[in-house]
Amino acid sequence: MEWFNNFLLNVVPLAPKWAVRLVAKKYFAGETLESAAQEIQSLNQKGFYSTADILGENVEDIEEVQQPVESYLELMEKISDENLNSGISLKLTQLGLKIDKEQAWKNFEKLLEKAEEQNIFVRIDMEDSSCTDDTLEFYQKARKKYPDTGAVLQSYLYRSENDLLEMVENGTTNLRICKGIYTEPPEISYQERELISDNFFKLVRLGLENDVYIGIATHDLDLIERCENFIEDNDIEPENYEFQALLGVPIEKTLKRLRDNGHKVRYYVPFGGEWYAYSMRRLQENPDLAGYIFKDFFKLKSS
Ligand code: FDA
């Protein structure tokens, strides 16, 4: 399938923006704060939690950083005003990490202060491996003053097990485990699906055994079942973990079943004007996504 995904990868950027939007729209909650709030409310009404993400990353000019900072402040006001059951997820490169680390920290701390004031949980998404050290450093620094902050570890990276154990030593209490979305070289990352999945399970297990609250972020049904069995076999209480999924990925049946069986389930809800650039970048970083989009497009045409 690799050749096919690569072929699609070259074709999708040629498609008109409206056509891409037609397929991509189920993966994001519209372009405005209002549309995101509606989506979150509807998820909350169905018994799901949310973490809201304002699309955007790798800001290239420090002047551009003020916009996402303001937007996140507004988002937190909205979450609080409308009593939404939602945290926020953010990317440090959107706050200027790659341009000016000191300024990025100041921007981040502004958001952390607001989050603390409004009692909102802040998750720092993990970006490509050039950001891992800085992201973990920001997280450790933040966590000491703002305990309602969480980080993410990617199971495709060899280093993640050590990172987790080190974080446990340093008193980490909340991690999201995902496979990892970026293309990383074999020198630093597992390439085979099975090894990535095994490491995912290992990280979840290690986290739970060390009293870390774990966000199990995957759509891989085998992996979900493996984690579910581990939780059941070891009598792990629901306040120690949650399952997480990206908005739009078609595993509603599984998520409803998890919810009905008493597990906490959280949707990752991205929104905002940067959806096109975001979708295209995701596609370039991970050609497998082209296959998902293609499948969706044909489902759409035949429905
Ligand atoms: P896998 O890729 O094996 O997919 C399992 C099945 O799910 C596939 O067979 C496919 O059918 C379906 N599927 C997966 N993605 C789909 C899609 N987009 N559309 C349709 N079907 C799809 N990554 C990262 O590097 N840093 C981060 O901070 C985060 N944060 C994050 C939060 C949450 C809540 C989730 C669920 C995921 C992330 N990720 C992430 C992305 C993650 O690393 C990973 O790339 C994707 O979730 C896909 O991997 P799966 O675990 O779903 O397995």
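Oh and the sequence shown: position 89 is 82 in the working numbering, straight run, nothing missing.
Using N, Cα and C, we set each Cβ at its ideal position, and we do this for glycine too.
Note that this is a predicted model, so its numbers are computed, not measured.
Out of Cys171, Leu199 and Asp204, the CA that lies nearest to the CA of Gly164 is found in Asp204.
The Cβ atoms of Ser272 and Ala17 lie closer than 8 Å to each other. With 16 or more other Cβ atoms inside 10 Å of its own Cβ, Asp156 counts as buried. Look at Ala210: its beta carbon is less than 7 Å from one of the heavy atoms in ligand 1.
In the same chain as Ala210, and ignoring 5 residues on each side of it, the C-beta atoms closer than 7 Å to its own belong to Arg169, Ile170, Cys171 and Gln237, in chain order. For Ile181, the Cβ stays outside the 7 Å cut-off from all heavy atoms of ligand 1. Taking Glu57 as reference, the option from Phe264, Glu67, Gln34 and Ile92 with the minimal CA-CA separation is Ile92.
Counting C-beta pairs with one atom in each stretch, the segment 35 to 42 and the segment 258 to 273 have three or more that are closer than 8 Å, which means they touch.
Asn37 sits in a helix when the DSSP states are folded into three classes. Contact check between the segment 23 to 30 and the segment 244 to 256: fewer than three CB pairs, one atom from each, fall below 8 Å, which does not count as touching. Exclusion of the five residues before and after Val62 leaves Leu88, Asn100, Lys103 and Leu104 as the residues of its chain whose Cβ lies within less than 8 Å of its Cβ. For Leu90, the secondary structure class from DSSP, reduced to helix, strand or coil, is coil. At the C-beta level, Thr86 and Asn112 stay beyond 8 Å of one another. Between the segment 127 to 142 and the segment 186 to 198 there are fewer than three C-beta pairs closer than 8 Å, too few to call the two in contact.
Contact between the segment 215 to 233 and the segment 173 to 186 is absent: fewer than 3 CB-CB pairs across the two stretches fall below 8 Å. Short note on Arg169: C-beta closer than 7 Å to some heavy atom of ligand 1.
For the 8 Å CB-CB criterion, Leu196 and Tyr234 do not form a contact. In this structure, the C-beta of Tyr261 approaches ligand 1 to less than 7 Å from one of its heavy atoms. Between Glu75 and Ala108, the gap from beta carbon to beta carbon reaches 8 Å or more. Annotated three-state conformation of Leu48 is coil, per DSSP. In the DSSP assignment, Glu230 forms no beta bridge with any residue.
Residue pairing from DSSP places Ile170 in a beta bridge opposite Leu146 and Ile209.
With fewer than 16 other CB atoms across the displayed protein chains lying within 10 angstroms of its CB, Ala270 is exposed.
For Ile217, the CB stays at least 7 Å from every heavy atom of ligand 1. When the five nearest sequence neighbours on each side are left out, the beta carbons in the same chain lying within less than 6 Å of the beta carbon of Pro263 are those of Phe21, Asp46 and Leu48, in order along the chain. Gln237 is bridged by DSSP to Ala210 and Arg259. Beta-bridge pairing by DSSP links Leu199 to no other residue. Within the same chain, Lys19, Tyr20, Phe21, Ala22, Glu32, Tyr260, Tyr261, Val262 and Pro263 come within 8 Å of Leu240 by CB-CB distance, once the 5 residues on both sides are set aside.
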